[in-house]
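Here the structure is laid out as structure tokens; the discussion comes afterwards.
2 protein chains.
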Amino acid sequence: MPLPGGQSGEIYILERLRKRFHSGADELIVGIGDDAALVKTGTEETLLTMDTLSEGIHFDLSYMTAYQVGFRLAVSNISDIHAMGGIPVWALLSVSISGGRIDGFLDEFLSGLDDALRRYSITLAGGDMTGSRGGITVTLALTGNRGENLARRSGARPGDRIFITGPPGEASLGHELIKRVGLPVRLETGETLDISIPFEKVEPLVRRFLLPELPPVPPGVNSMIDTSDGLMIDLWRLCRESRAGARIYEEALPLTEGMLMVSDAFGIDLMEHVFGGGEDFHLLFTGPEGMEGAFEIGEITEGESIFLVKKDESEEMIKPTGYVHFVSQ
Amino acid sequence: MPLPGGQSGEIYILERLRKRFHSGADELIVGIGDDAALVKTGTEETLLTMDTLSEGIHFDLSYMTAYQVGFRLAVSNISDIHAMGGIPVWALLSVSISGGRIDGFLDEFLSGLDDALRRYSITLAGGDMTGSRGGITVTLALTGNRGENLARRSGARPGDRIFITGPPGEASLGHELIKRVGLPVRLETGETLDISIPFEKVEPLVRRFLLPELPPVPPGVNSMIDTSDGLMIDLWRLCRESRAGARIYEEALPLTEGMLMVSDAFGIDLMEHVFGGGEDFHLLFTGPEGMEGAFEIGEITEGESIFLVKKDESEEMIKPTGYVHFVSQ
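If you're matching them up, the sequences are chains E and Y in order.
Sequential numbering from 172 applies to the first sequence in my numbering.
Sequential numbering from 172 applies to the second sequence in my numbering.
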């Protein structure tokens with residue numbers, strides 16, 4: 172399969188990292204290439220993960236509040252621990268920011284971070300604050316306890332059904348909408364948006380982008396990943412680690428009325444966001460038929476290709492698409 | 172005491188963080204305000220720390236190599252675990268960089284990071300790679316095992332002697348020198364510098380800045396901190412956490428011939444760098460008289476002020492000075 176993002180893409184860099192830091196350490200149970208690492212700390216097993224949000228790449232304060240940046244930073248990390256079937260416990264925070272911007276950002280940012288951490292009973296144990304000559308960069312690291320069932324990307328087997336905990340593309344459509352509105356919407360203080368579509372239809376999309384709520388962690392899965400970068404690229408990653416392929420049924424994809432309304436009203440290509448839109452922080456997992464609490468959207472197959480079964484029953488091989496983190500300058 | 176860096180300074184932010192994230196969690200043994208946090212992970216105790224290097228603030232690729240940035244990132248974190256008397260074990264890395272700069276930076280950066288991590292038997296377990304619209308920002312988090320003796324900033328008691336593992340100000344003078352030369356010096360490949368002072372005299376300063384070697388962790392200390400931001404500010408932090416004061420003897424401060432030569436040749440105020448120069452990554456600790464492997468430079472006192480006893484035996488109260496991380500823009 173082609174490397175998403177080209178030579179500078181994540182997969183290429185992942186390979187470089189894996190090659191360089193390949194370690195025989197017995198204590199490294201799960202290393203680079205899953206949602207979180209699993210390591211031995213003495214007699215215990217601990218999950219470790221780290222995520223960064225970079226201004227101009229992951230957030231834009233012209234249409235997001237600092238509260239929402241903090242909330243999202245926590246959620247994106249917690250989602251990684253959840254995607255391993257684990258329970259997050261400790262957090263470390265690093266903020267790089269120029270001195271002149273601290274007063275307009277820090278307190279509100281910490282408030283959003285704090286609210287999300289409290290929701291999941293996570294304690295901030297330390298971190299670093301440094302200056303920045305460019306935009307704001309925030310990084311959170313989390314440790315987690317291993318849950319009863321470790322959920323890896325590599326556990327999918329042909330015949331497994333594929334599930335997702337919510338409609339893919341909601342956050343991405345919400346993002347598009349907010350960008351077009353061009354102003355922050357303070358959902359955290361009950362603010363709404365005055366547009367041509369009823370707000371209650373649009374609100375789940377905007378909320379999924381600005382203040383995403385994480386789904387409960389499903390028990391008994393064979394493999395799992397969170398959809399942080401987009402349905403197809405995250406499915407591709409899961410298949411790649413499992414050395415398997417997949418078939419997705421277009422008809423089975425859960426779409427909401429709000430998604431249809433927004434794409435319609437703003438002339439946005441709906442399916443592009445359904446397949447390629449990131450930041451939903453839903454869980455994509457595989458397991459036996461009939462698992463509850465999620466939408467069954469396809470099945471794991473032999474081979475290493477992903478096919479989309481369209482509504483007319485024709486099949487189309489699809490390339491992984493999703494959010495590409497690197498921006499050439 | 173005044174807050175270094177003013178309202179936007181680290182201490183002020185530390186207070187905001189402490190206040191907001193003050194936690195009653197029994198499992199948080201040491202929280203915000205020490206070199207590293209100490210937390211319970213199941214039945215084990217684990218040290219956690221995180222440090223960020225930001226381009227234009229902590230490094231400048233016009234006179235540092237990417238290798239040196241990677242090496243320093245590792246060392247600055249390892250030093251924090253050492254300053255708690257601990258043993259670093261696992262690392263998480265985050266790199267924010269624009270796509271167009273990956274090829275000129277990443278491999279060499281990883282090489283320097285890797286060399287430093289290997290030296291201390293640390294394994295990179297995972298992390299994140301993201302784009303950047305500004306400069307390069309790199310963050311490393313480390314977990315560590317608690318050593319036999321936990322060394323906190325808060326353990327200093329009046330009567331303790333104050334020790335430092337090497338000459339304060341070397342790195343800072345090395346930094347000044349390299350800035351004036353204005354070109355990278357690839358010490359990692361044996362490159363030397365052709366200047367008016369014999370290179371063997373200057374080399375320890377340049378090396379302390381570009382490729383710092385960490386001192387062995389002294390056993391049996393009462394309190395400890397690493398000198399990442401400067402002798403006086405780091406001593407002030409240690410005193411603050413211990414609710415004590417200090418007396419430092421100017422005469423006892425270890426200065427090298429190279430330091431004198433560089434300050435002389437380039438018209439640099441030597442003592443400004445000795446007192447305020449950061450990035451040495453030496454260990455500053457307190458304990459009983461006569462501890463080995465370090466220079467005894469003063470003693471812990473009652474009260475909360477720091478005095479410098481000058482060579483003429485006069486005493487001067489000194490304000491904490493050191494590297495201020497925040498830059499107004």
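All residues carry an ideal CB built from backbone N, CA and C; glycine is no exception.
Nonlocal neighbours in the same chain, by C-beta distance under 6 Å from residue i, ignoring five residues either side
i, result
"E:Met221", "Ala312"
"Y:Leu224", "Phe230, Leu244 and Val309"
"E:Lys211", "Glu198"
"E:Pro173", "Bear in mind that a pLDDT of 31 at E:Pro173, under 50, signals an unreliable position, so the number given afterwards is only what the model happens to contain. Taken in chain order, the list of residues that qualify is empty."
"Y:Met488", "Ser476 and Phe478"
"Y:Ala423", "Ile468"
"Y:Leu348", "Val433"
Residue range of the alpha helix (DSSP H) that includes residue i
i, result
"Y:Gly447", "Leu441 to Gly447"
"E:Ser343", "Glu341 to Val352"
"E:Gly429", "Glu428 to Phe437"
"Y:Glu475", "It is not in any alpha helix (DSSP H) - Y:Glu475 carries neither H nor E in the DSSP assignment."
"Y:Arg243", "Ala237 to His253"
"Y:Arg378", "Phe370 to Leu381"
Sequence-distant residues of the same chain with beta carbon closer than 7 Å to residue i, five excluded per side
i, result
"E:Leu281", "Gly241"
"Y:Arg351", "Phe437"
"E:Ser250", "Leu385, Asp397, Ser399 and Phe452"
"E:Leu188", "Ile203"
Residues sharing a beta bridge with residue i, DSSP
i, result
"E:Trp261", "E:Thr294 and E:Thr314"
"E:Ile471", "E:Ala417"
"Y:Val266", "Y:Met300 and Y:Val309"
"Y:Phe456", "Y:Phe334 and Y:Met395"
"Y:Asp365", "For Y:Asp365, which the question treats as bridged, DSSP gives no partner whatsoever."
"Y:Asp205", "Y:Ile203"
"E:Phe230", "E:Glu226"
"E:Phe466", "E:Ile335"
Start-to-end residues for the beta strand (DSSP E) that takes in residue i
i, result
"E:Gly416", "Gly416 to Tyr420"
"Y:Met395", "Ser394 to Asp397"
"Y:Arg272", "Counting along the chain, Y:Arg272 falls outside any beta strand (DSSP E), and DSSP gives it neither H nor E."
"Y:Val210", "Ala208 to Thr212"
"E:Ser225", "Glu215 to Ser225"
"E:Glu486", "Glu486 to Met488"
"Y:Leu199", "Leu199 to Val201"
For residue j and residue i, the rounded distance between their alpha carbons
i, j, result
"E:Thr360", "Y:Val266", "33 Å"
"E:Ser485", "E:Asp331", "22 Å"
"E:Arg328", "E:Gly297", "40 Å"
"E:Tyr302", "Y:Ser303", "It should be pointed out that residue 302 of chain E corresponds to Gly in this sequence rather than to Tyr. The alpha-carbon atoms of E:Gly302 and Y:Ser303 are separated by roughly 15 Å."
"E:Gly177", "E:Gly227", "Residue placement at E:Gly177 cannot be trusted, given a pLDDT of 43 that sits under 50; the coordinates are not used to answer."
"Y:Tyr420", "Y:Glu215", "41 Å"
"E:Glu279", "E:Tyr238", "5 Å"
"E:Gln500", "Y:Leu277", "Annotation note: pLDDT 30 at E:Gln500 (below 50); position unreliable, coordinate value reported separately. One C-alpha to the other measures close to 16 Å."
"E:Asp483", "E:Asp400", "28 Å"
"Y:Gly318", "Y:Thr217", "10 Å"
"E:Asp274", "E:Leu288", "22 Å"
"E:Arg379", "E:Leu284", "16 Å"
"E:Glu450", "E:Thr398", "7 Å"
"E:Tyr234", "E:Gly416", "38 Å"
"E:Val480", "E:Arg418", "7 Å"
"Y:Val356", "Y:Val377", "9 Å"
"Y:Gly271", "Y:Thr236", "17 Å"
"Y:Thr268", "Y:Asp299", "Before going further, note that residue 268 of chain Y is Ile rather than Thr in the sequence given. Spanning the two alpha carbons is a distance of roughly 11 Å."
"Y:Val373", "Y:Gly429", "5 Å"
"Y:Leu160", "E:Glu186", "No statement about residue 160 of chain Y is possible, as the shown extent of chain Y runs from 172 to 500 and does not include it."
"Y:Pro338", "Y:Glu362", "24 Å"
"E:Met248", "E:Leu381", "Sequence check: residue 248 of chain E is Asn here, not Met. Cα to Cα, the separation comes out at about 15 Å."
Heavy atom of the ligand ATP within 6 Å of residue i beta-carbon
i, result
"Y:Ser303", "In terms of ligand content, the structure shown is empty, and the ligand ATP therefore cannot be addressed."
Partners in chain B for residue i, counting only beta-carbon separations shorter than 8 Å
i, result
"Y:Asp299", "In the structure shown, chain B does not exist; the protein chains are E and Y."
Own chain partners of residue i with C-beta closer than 8 Å, once the 5 adjacent residues on each side are dropped
i, result
"Y:Gly306", "Ser225, Glu226 and Gly227"
"E:Gly315", "Ala207, Thr217, Leu218, Leu219, Thr220, Ile252, Met255, Gly257, Ile258, Pro259 and Val260"
"E:Arg323", "Val201, Asp205, Met255, Ser394, Met395 and Glu412"
**Report entry** the stretch 387-397 of chain E contacting the stretch 453-465 of chain E, beta-carbon criterion three pairs below 8 Å
**Finding:** yes
Query raised in the report: How about the stretch 258-265 of chain E and the stretch 287-298 of chain E: do they share at least three Cβ pairs that are nearer than 8 Å?
Result: The stretch 258-265 of chain E vs the stretch 287-298 of chain E: in contact.
Query - Cβ contact check for the stretch 408-421 of chain Y and the stretch 362-370 of chain Y: 3 or more pairs under 8 Å - result: No, the stretch 408-421 of chain Y does not touch the stretch 362-370 of chain Y.
Query raised in the report: If you pair each beta-carbon of the stretch 434-451 of chain E with each one of the stretch 330-350 of chain E, do three or more pairs fall below 8 Å?
Result: yes
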